[in-house]
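Residue numbers (mature numbering (1 follows the signal peptide of the UniProt record, and there is no 0)): -18 to -1, 1 to 126. Here is the structure we will look at, set down as structure tokens.
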């Protein structure tokens, strides 16, 4: 009975953390990729890559960049949302894996957003997704 109560208490605590946004997201880390391969980095269930709640923001640097230095000015990609491609406020970045063969991914809430977020991000080799793939009439994603 004590074990059941402990399990129930842990389950309720986990649910409460998820509701208030304290559920741990996948943390900042450096991961491997195939140099020159087209990759997706995201926590966007609408695009079938990871999951998010709230309004997270992914920032990506070459894997030789330490997490603490992966900031504006050293970014090779970033994403706040993917409204154009996946009709979602969850982030999705598409890029070519750098020659180093690894990327550093950092995570924060979108500036100006006071809501909590979670981001269970993933990195996958996939072909580019364009607006025409998303069911619109143009191939221009409109981004830089």
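Beta carbons: idealized from backbone N, C-alpha and C, even for Gly. Keep in mind it's a predicted model, so treat the numbers as computed, not measured.
Taking the alpha-carbon positions, what's the residue i to residue j distance?
i, j, result
"residue 28", "residue 68", "6 angstroms"
"residue 107", "residue 90", "23 angstroms"
"residue 49", "residue 11", "7 angstroms"
"residue 17", "residue 81", "5 angstroms"
"residue 40", "residue 113", "21 angstroms"
"residue 32", "residue 22", "11 angstroms"
"residue 104", "residue 34", "11 angstroms"
"residue 86", "residue 58", "10 angstroms"
"residue 37", "residue 43", "20 angstroms"
"residue 60", "residue 9", "16 angstroms"
"residue 62", "residue 99", "12 angstroms"
"residue 92", "residue 72", "11 angstroms"
Cα-Cα, which of the options is closest to residue i?
i, options, result
"residue 14", "74, 83 and 20", "83"
"residue 109", "85, 79, 9 and 72", "79"
"residue 25", "85, 112 and 70", "70"
"residue 178", "32, 92 and 56", "Residue 178 lies beyond the stretch modelled for the chain, which goes from -18 to 126, so this question has no answer here."
"residue 19", "43, 76 and 63", "76"
"residue 111", "9, 47 and 74", "74"
"residue 47", "62, 72 and 88", "88"
Would residue i be called buried (16 or more neighbouring beta carbons within 10 Å of its own) or exposed?
i, result
"residue 53", "exposed"
"residue 51", "exposed"
"residue 65", "exposed"
Quick test of your reading: residue i and residue j, contact by CB under 8 angstroms. State the CB separation rounded to the nearest angstrom.
i, j, result
"residue 101", "residue 30", "So it is not a contact: roughly 15 angstroms between Cβ atoms."
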